[in-house]
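Residue numbers (numbering that gives the first Met the number 0), protein chains in the order written: chain R, 0 to 240; chain G, 0 to 240.
Glycine residues also receive a C-beta, built at the ideal position from the N, C-alpha and C atoms.
Protein chains: 2
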Amino acid sequence: MSAANTPYAVNHISVDSVIFGYDGRKLMVLLLPEQVRMGREVFRFRKLPGDLILREEDLEEAVHRIVRDLTGIDVLKMIQIKTYGSKGRTSETDMRWLLQNNGVTIDGIVTTSYLSVVKINRQLESLRKKFGFEWTPVQGIEQLAFDHNRLIEDGLALLKNVSDATPEILFDLLPRKFTIPQYRLLCEQVHRRHYDPGNFQKKVLGKMPYVLPLEEFETGTGHRAARYHRFDKTAYKRLRK
Amino acid sequence: MSAANTPYAVNHISVDSVIFGYDGRKLMVLLLPEQVRMGREVFRFRKLPGDLILREEDLEEAVHRIVRDLTGIDVLKMIQIKTYGSKGRTSETDMRWLLQNNGVTIDGIVTTSYLSVVKINRQLESLRKKFGFEWTPVQGIEQLAFDHNRLIEDGLALLKNVSDATPEILFDLLPRKFTIPQYRLLCEQVHRRHYDPGNFQKKVLGKMPYVLPLEEFETGTGHRAARYHRFDKTAYKRLRK
DNA sequence: ACAAAAGTGTTTTAGGTACACCCATGT
DNA sequence: ACATGGGTGTACCTAAAACACTTTTGT
Numbered sequence: 000m001s002a003a004n005t006p007y008a009v010n011h012i013s014v015d016s017v018i019f020g021y022d023g024r025k026l027m028v029l030l031l032p033e034q035v036r037m038g039r040e041v042f043r044f045r046k047l048p049g050d051l052i053l054r055e056e057d058l059e060e061a062v063h064r065i066v067r068d069l070t071g072i073d074v075l076k077m078i079q080i081k082t083y084g085s086k087g088r089t090s091e092t093d094m095r096w097l098l099q100n101n102g103v104t105i106d107g108i109v110t111t112s113y114l115s116v117v118k119i120n121r122q123l124e125s126l127r128k129k130f131g132f133e134w135t136p137v138q139g140i141e142q143l144a145f146d147h148n149r150l151i152e153d154g155l156a157l158l159k160n161v162s163d164a165t166p167e168i169l170f171d172l173l174p175r176k177f178t179i180p181q182y183r184l185l186c187e188q189v190h191r192r193h194y195d196p197g198n199f200q201k202k203v204l205g206k207m208p209y210v211l212p213l214e215e216f217e218t219g220t221g222h223r224a225a226r227y228h229r230f231d232k233t234a235y236k237r238l239r240k
Numbered sequence: 000m001s002a003a004n005t006p007y008a009v010n011h012i013s014v015d016s017v018i019f020g021y022d023g024r025k026l027m028v029l030l031l032p033e034q035v036r037m038g039r040e041v042f043r044f045r046k047l048p049g050d051l052i053l054r055e056e057d058l059e060e061a062v063h064r065i066v067r068d069l070t071g072i073d074v075l076k077m078i079q080i081k082t083y084g085s086k087g088r089t090s091e092t093d094m095r096w097l098l099q100n101n102g103v104t105i106d107g108i109v110t111t112s113y114l115s116v117v118k119i120n121r122q123l124e125s126l127r128k129k130f131g132f133e134w135t136p137v138q139g140i141e142q143l144a145f146d147h148n149r150l151i152e153d154g155l156a157l158l159k160n161v162s163d164a165t166p167e168i169l170f171d172l173l174p175r176k177f178t179i180p181q182y183r184l185l186c187e188q189v190h191r192r193h194y195d196p197g198n199f200q201k202k203v204l205g206k207m208p209y210v211l212p213l214e215e216f217e218t219g220t221g222h223r224a225a226r227y228h229r230f231d232k233t234a235y236k237r238l239r240k
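Structure (structure tokens):
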């Protein structure tokens, strides 16, 4: 049904972004609620922020623009996860197949996914209310639109790999002031394993001199209060040179 | 200059494959010689095997087909490296911009690169002669067409990461019979570091029970002959379960 | 005999794990 | 007082590194 005169596939390109957040207890992923009216029925579902890229737009530019438009968030760094061809994919491609260009039917949509992380703070909470996005715990996520569950899995796997090579990314996820147990819980969720609390404490304090103790402690815990720490980016970069 | 009636980019998709080989001494990458006539002048250059994908074709299908067509090689496994947008890329996009579909100018070409490895054996050598591809040492590679130097860099980085998680890939690169020093040299080139020969030997023999010694030795070396070994896939898989 | 690389053995070091135990806080 | 998790100290185990030394081969 394609009207083009070459055998080569003609595609639109879309980008989807897997944005992780951490509320101090659980690793979360950012989702957008959507609804589609089909006659009398209304289907509700949630999806990752994403859209088609525009002419004259590079992939990275596009994902930054789209995330800003859909969530208000100006994400600093995007890491490419993977590209998914149009064949054998779910209804996302079908749904947008209608898009035509001067009678040339698009053969499909190729999707490239990106990983990013954000600190959940007051500013971000106000954006959440304004734009209506939602944080969902990565563990026990529901069935999502399209193949978005897979994108999240692949994104989480990449987050794990990246954080091995570049611990910095996990501190971008933590609040400015955090406790070692909070950091440990985050690591446990990213690496899907358990860490001994005592050993973890010692490793961080002994091997990560860019994690600095503050004179401030948690309150209202029902047990000994944990000390707050902060991530010193300058010391971190100096160490990595 | 685009005649389409939506703001969305319309692209062709191309795939390029970075295929590594190992001759027992040096890590090599497979390149195809090309020449383009521009009036009286003939430009010669080398490039990675790659082409545009066809309608109704998935990315992986396409890269397998293209590699088979261009080199005769039926590669078993392809690992996606990265996708490069069309904007700000070099002349590859320009060169093929001419491709049009019913008056709709394509906005650009998005390229996805794939990593693969092959054993250089007699069968492969005969394919090399038949299809005219060339093996080039990864170290000290010349300036290639388009952004192919970058693709190779990114491919090598991925090979390193993959081989950390899955040592098997390096044995796919080694000949069926190999010596421990050959394996060590390969690891040194992939990981860009030096290994102590004695320690390396012990690590392989002690921690990799799927590397089996043979009753066969190198000859004509000018020094003590190294023992040949082989990779036992069955034992390897059993261990990883 | 000698050079040169294969291969073995020994020692040291660093990092991870297990776990006992003390500390601080809310109920 | 007690439960709960924060945090410290100690012992142990394993893997990696350093390096001395022996073995084998071609010239």
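Residue i - containing beta strand (DSSP E), residue span
i       : result
R226(R) : R226 to F230
Y241(R) : This structure gives no information on residue 241(R), because the portion of chain R shown stretches from 0 to 240.
E152(G) : Careful: E152(G) lies outside any beta strand (DSSP E), inside the alpha helix (DSSP H) at H147 to A164.
I52(R)  : No beta strand (DSSP E) holds I52(R); DSSP gives it neither H nor E.
E40(R)  : E40 to K46
C-beta atoms of residue i and residue j nearer than 8 Å
i       : j       : result
T111(G) : I179(G) : no
D153(G) : I80(G)  : yes
D106(R) : V9(R)   : yes
L158(G) : V189(G) : yes
L241(R) : W134(R) : Because chain R in this structure spans residues 0 to 240, residue 241(R) falls outside the shown range and cannot be described.
T70(G)  : F145(G) : no
V74(R)  : V117(R) : yes
I140(G) : I151(G) : yes
G23(G)  : Q181(G) : yes
I65(G)  : V14(G)  : yes
R175(R) : R229(R) : yes
Y7(G)   : L31(R)  : no
D57(G)  : K86(R)  : yes
C-alpha distance - residue i paired with residue j, whole-angstrom precision
i       : j       : result
F240(R) : T233(R) : Looking at the sequence provided, one finds Lys at residue 240(R) rather than Phe. Straight-line Cα distance between these residues: approximately 11 Å.
K254(G) : E33(G)  : In the structure displayed, chain G extends from 0 to 240; residue 254(G) sits before or after that span and is not available.
F177(R) : Y21(R)  : 11 Å
T82(R)  : S16(R)  : 12 Å
E55(R)  : V161(R) : 30 Å
V137(G) : L26(G)  : 6 Å
C186(R) : I119(R) : 17 Å
R226(R) : P208(R) : 16 Å
M77(R)  : T218(R) : 35 Å
A61(R)  : E124(R) : 24 Å
D195(R) : F44(R)  : 39 Å
G84(R)  : E59(G)  : 8 Å
M37(G)  : Y235(R) : 52 Å
A156(G) : D163(R) : 15 Å
H193(R) : L213(G) : 41 Å
L184(G) : G197(G) : 13 Å
Y113(R) : F19(R)  : 11 Å
H222(G) : P166(G) : 29 Å
L243(R) : L172(G) : What is shown of chain R runs 0 to 240, which leaves residue 243(R) out entirely.
T5(R)   : R149(G) : 29 Å
Three-state class that DSSP yields for residue i in the structure shown
i       : result
V203(R) : helix
N10(G)  : strand
Q138(R) : coil
D106(R) : coil
E167(G) : helix
W96(G)  : Legend: pLDDT at W96(G) = 48, less than 50; position of this residue unreliable, value from coordinates given subsequently. Coil.
D15(R)  : strand
R121(G) : helix
T70(R)  : helix
Y209(R) : coil
L179(R) : Before going further, note that residue 179(R) is Ile rather than Leu in the sequence given. DSSP places I179(R) in helix when its eight states are reduced to three.
L29(R)  : strand
F130(G) : helix
T220(G) : coil
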